[in-house]
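Take the position in the sequence shown, starting the count at 1, then add 345; the result is the number in the working numbering.
To keep things clear, I will list the structure first and then write my remarks on it.
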Amino acid sequence: MRWSNHLAQLCVCASVLLAPFAAQAASEDDPWESINRPIYKFNDVVDTYALKPLAQGYQFVTPQFLEDGIHNMFRNVGDVTNLANNILQAKPAAAGVDTARLIFNTTFGVLGFFDVGTKMGLNRSDEDFGQTLGYWGVGSGPYVMLPLLGPSTLRDAPAKYVDGYTGPYPYIHDVPVRNSIFGLNIVDTRASLLSAEKLISGDKYTFIRNAYLQNREFKVKDGQVEDDF
Numbered sequence: 346m347r348w349s350n351h352l353a354q355l356c357v358c359a360s361v362l363l364a365p366f367a368a369q370a371a372s373e374d375d376p377w378e379s380i381n382r383p384i385y386k387f388n389d390v391v392d393t394y395a396l397k398p399l400a401q402g403y404q405f406v407t408p409q410f411l412e413d414g415i416h417n418m419f420r421n422v423g424d425v426t427n428l429a430n431n432i433l434q435a436k437p438a439a440a441g442v443d444t445a446r447l448i449f450n451t452t453f454g455v456l457g458f459f460d461v462g463t464k465m466g467l468n469r470s471d472e473d474f475g476q477t478l479g480y481w482g483v484g485s486g487p488y489v490m491l492p493l494l495g496p497s498t499l500r501d502a503p504a505k506y507v508d509g510y511t512g513p514y515p516y517i518h519d520v521p522v523r524n525s526i527f528g529l530n531i532v533d534t535r536a537s538l539l540s541a542e543k544l545i546s547g548d549k550y551t552f553i554r555n556a557y558l559q560n561r562e563f564k565v566k567d568g569q570v571e572d573d574f
């Protein structure tokens, strides 16, 4: 399983908080709200008393250039997932950009520490197997709040397992090394979200749900969503 995708509550929130969410998600999208809300509260407690303090401490003691470099390295690894799903979605141009990014960032960027690809005009994709299923017509299904993993849907949740094989963790057999990298990935991802928290307003559960669902639709349709206004 792709452990980096197991950061869904964190990684996904980074993008959903930046997505447009003017319209409320329909109530029928969340038929399991009575179960989802308690799970969200559990996740929020874990974040409040564990992940967020760790992220704040990490950000405080880590020089900005080093924090940026570590973040870039994890994103470089994530480009493998982007490449695999762009191939599955029959997007040769995007797959070519992913390939070029991996080559240039891994070599000239020193294993991705420097994002030279973006500076060269090679914009990063953001693809996963859930989006691939949606691209080929699979509906999202009901909204699901996963313990520790955060917001998802009936389509996207099992898709994380497939994405797991495009990440590095299944192939790192040294357990202490694997756990150390995984832990750093969690803290780095959470630290990157600290500045986005001010965007949340009203009921946090509803805000995150609506933002997540609309952002997923936006991504599946590659930004080609109809404006209701």
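Just so it is clear, CB atoms sit at the ideal spot from N, CA and C, and this is done for glycine as well.
> Buried or exposed: which applies to Gln559, given that a residue is buried once 16 or more other Cβ atoms fall within 10 Å of its Cβ?
Replying inline: The residue you call residue 559 lines up with position 214 of the sequence shown. By the 10 Å Cβ count, Gln559 comes out buried.
> Around the C-beta of Ala438, are 16 or more other C-beta atoms found within 10 angstroms, so that it is buried, or is it exposed?
Replying inline: What you label residue 438 is simply residue 93 of the sequence shown in a count that begins at 1. With fewer than 16 Cβ atoms within 10 Å of its Cβ, Ala438 is classed as exposed.
> Measuring CA to CA, which of Val425, Gln434, Ala435 is closest to Asp602?
Replying inline: The shown model of the chain, from 346 to 574, leaves out residue 602, and the question about it has no answer.
> Taking the DSSP output, what are the residues bridged to Leu491?
Replying inline: The sequence position of residue 491 within the sequence shown is 146, counting from 1. Paired residues: Gly495.
> Can you tell me the Cα-Cα spacing of Val406 and Ile545, whole angstroms?
Replying inline: Taking the sequence shown and counting its residues from 1, one reaches residue 406 at position 61. Taking the sequence shown and counting its residues from 1, one reaches residue 545 at position 200. Looking at the two C-alpha atoms, the distance is approximately 26 Å.
> Got a sec, what are the start and stop residues for the alpha helix (DSSP H) Pro398 sits in?
Replying inline: As a working mapping, residue 398 is identified with position 53 in the sequence shown. Its alpha helix (DSSP H) spans residues 397 to 406.
> By Cβ distance, which residues of its chain are closer than 6 Å to Tyr385, with the 5 residues on each side in sequence left out?
Replying inline: Along the sequence shown, one-based indexing puts residue 385 at 40. Contacts found: Met490, Tyr550.
> Can you list, in chain order, the stretches of the alpha helix (DSSP H) that have 4 or more residues and sit fully within the region 503 to 538?
Replying inline: 520 to 536
> Which same chain residues, not among the five before or five after Leu478, have their C-beta less than 7 Å away from its C-beta?
Replying inline: Taking the first residue of the sequence shown as position 1, residue 478 is located at position 133. Same-chain partners within the cutoff: Arg500, Ala504.
>> For the alpha helix (DSSP H) containing Leu558, name the first residue and the last one.
In response: What you label residue 558 is simply residue 213 of the sequence shown in a count that begins at 1. Segment 549 to 565, the alpha helix (DSSP H) holding Leu558.
>> Shorter than 8 Å, the distance from the beta carbon of Phe410 to the closest heavy atom of the ligand COA, or not?
In response: The ligand COA is absent from the structure shown, which contains no ligands of any kind.
> What do you get for Ala556, buried or exposed, if any count of 16 or more other CB atoms within 10 angstroms of its CB means buried?
Replying inline: Along the sequence shown, read from residue 1 onward, the residue named residue 556 stands at position 211. Its Cβ being crowded by 16 or more others within 10 Å, Ala556 is buried.
>> Can you tell me whether Leu447 is buried or exposed? The criterion is at least 16 other CB atoms within 10 Å of its CB, across all chains shown.
In response: Residue mapping note: residue 447 aligns to position 102 of the sequence shown, counting from 1. With 16 or more Cβ atoms within 10 Å of its Cβ, Leu447 is classed as buried.
>> Is there a Cβ of chain B sitting closer than 9 Å to that of Gly462, yes or no?
In response: Within the model displayed, chain B is absent; a lone protein chain is all it includes.
> Would you call the CB atoms of Gly409 and Tyr480 closer than 9 Å?
Replying inline: The residue given as residue 409 occupies position 64 in the sequence shown. The residue given as residue 480 occupies position 135 in the sequence shown. The sequence as given places Gln at residue 409; Gly does not occur at that position. No, these two residues do not count as a Cβ contact at 9 Å.
> With 16 other CB atoms within 10 Å as the buried threshold, where does Tyr516 fall?
Replying inline: Walking along the sequence shown from the start, residue 516 turns up at place 171. So Tyr516 counts as exposed.
> Can you give the Cα-Cα distance for Arg382 and Thr511, rounded to whole angstroms?
Replying inline: Counting from 1 along the sequence shown, the entry for residue 382 is found at position 37. Counting from 1 along the sequence shown, the entry for residue 511 is found at position 166. So the alpha carbons of these two residues sit roughly 31 Å apart.
> Taking just the CA atoms, how far does Leu538 sit from Asp548?
Replying inline: Taking the first residue of the sequence shown as position 1, residue 548 is located at position 203. Taking the first residue of the sequence shown as position 1, residue 538 is located at position 193. Going from the Cα of Asp548 to the Cα of Leu538 covers about 18 Å.
>> Among the candidates Ser470, Phe387, Leu493, Val422, whose CA atom is the shortest distance from the CA of Val565?
In response: Translated into positions along the sequence shown, residue 565 becomes position 220. Val565 has its Cα closest to that of Ser470, out of Ser470, Phe387, Leu493, Val422.
> How should Ala400 be labelled, buried or exposed, when 16 other C-beta atoms within 10 angstroms of its C-beta is the threshold for buried?
Replying inline: By 1-based counting over the sequence shown, the position of residue 400 is 55. Per the 10 Å Cβ criterion, buried.
> Should Val532 be labelled buried (16 or more other beta-carbon atoms within 10 Å of its own) or exposed?
Replying inline: Here residue 532 refers to the residue found at position 187 when the sequence shown is read from its first residue. Burial call: buried.
>> Quick check: the Cα distance between Leu467 and Phe449, rounded to an integer number of angstroms?
In response: In the sequence shown, the residue the question calls residue 467 occupies position 122. In the sequence shown, the residue the question calls residue 449 occupies position 104. In a straight line, the C-alpha of Leu467 is about 10 Å away from that of Phe449.
> Would DSSP call Arg500 helix, strand or coil?
Replying inline: Taking the sequence shown and counting its residues from 1, one reaches residue 500 at position 155. DSSP places Arg500 in coil when its eight states are reduced to three.
> For Ser497, does the count of other Cβ atoms within 10 angstroms reach 16, so buried, or fall short, so exposed?
Replying inline: Here residue 497 refers to the residue found at position 152 of the sequence shown. Ser497 should be labelled buried.
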